[in-house]
Amino acid sequence: MRVSLRHLRRLCLALAVVSAAVIAWGSLTPGADMPQELPWDKFNHFIAYAGLAALLRLGGLRAVTALGLAIGYGLLVEGLQLGVPGRSGADGADALANALGALAAVAACRWLLPRRFLVAHG
Numbered sequence: 053m054r055v056s057l058r059h060l061r062r063l064c065l066a067l068a069v070v071s072a073a074v075i076a077w078g079s080l081t082p083g084a085d086m087p088q089e090l091p092w093d094k095f096n097h098f099i100a101y102a103g104l105a106a107l108l109r110l111g112g113l114r115a116v117t118a119l120g121l122a123i124g125y126g127l128l129v130e131g132l133q134l135g136v137p138g139r140s141g142a143d144g145a146d147a148l149a150n151a152l153g154a155l156a157a158v159a160a161c162r163w164l165l166p167r168r169f170l171v172a173h174g
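Basically the working numbering = 1-based index in the sequence shown + 52.
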């Protein structure tokens, strides 16, 4: 069975939606329900948003669009955390880790994947 590029892209976009939902769940859970010490906090942010941006890019979105959506989503989630009990929100270091993760993933896609996979056709 051969999988078409179109189906692969749709799968990646569906996984990006799942990834965004997992990020929202983890980021918007009240502080009392979260472990008090999360090791590697900024690394976790970096990896989560790298995954989101990579899935968006692999889904056929242009690099600038995938990057903008991932960074914008990170900023939105940071802002929403302000209303969540026990969460600090609007953390510049978290937002930076999110953005750097997204940028690293988009750059990695550019250099590691075949051009035909990244160029949208219709």
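Backbone N, C-alpha and C fix where the C-beta goes; we use that ideal spot for every residue, glycine too.
From a predicted model like this one, the values you see are computed outputs, not experimental measurements.
Discussion item. The alpha helix (DSSP H) that contains V74, what's its start and end?
Written reply: In the DSSP annotation of this structure, the continuous segment of the alpha helix (DSSP H) that includes V74 starts and ends at L57 to L80.
Worksheet item: So what's L148 in DSSP terms, helix, strand or just coil?
Response: helix
Practice prompt. Note down, in chain order, each residue of its chain lying with its Cβ closer than 8 Å to the Cβ of T117, except the 5 sequence neighbours on either side.
Written response: L108
Worksheet item: Any idea what DSSP makes of A142, helix, strand or coil?
Response: coil
Worksheet item: Who are the near neighbours of L65 in its chain, counting only those whose CB is closer than 6 Å to its CB and skipping five residues on each side?
Response: G111
Practice prompt. Within 10 angstroms of the Cβ of D146, are there 16 or more other Cβ atoms? Answer buried if so, exposed if not.
Written response: With 16 or more other Cβ atoms within 10 Å, it is buried.
Item to complete: Please report how far the alpha carbon of L152 lies from the alpha carbon of A100, in whole angstroms.
Response: 11 Å
Worksheet item: Would you report the Cα separation of G126 and L113, rounded to the nearest angstrom?
Response: 18 Å
Worksheet item: Residue range of the alpha helix (DSSP H) that V136 falls in?
Response: Taken as a continuous stretch (DSSP letters only), V136 belongs to no alpha helix (DSSP H), as it is neither H nor E.
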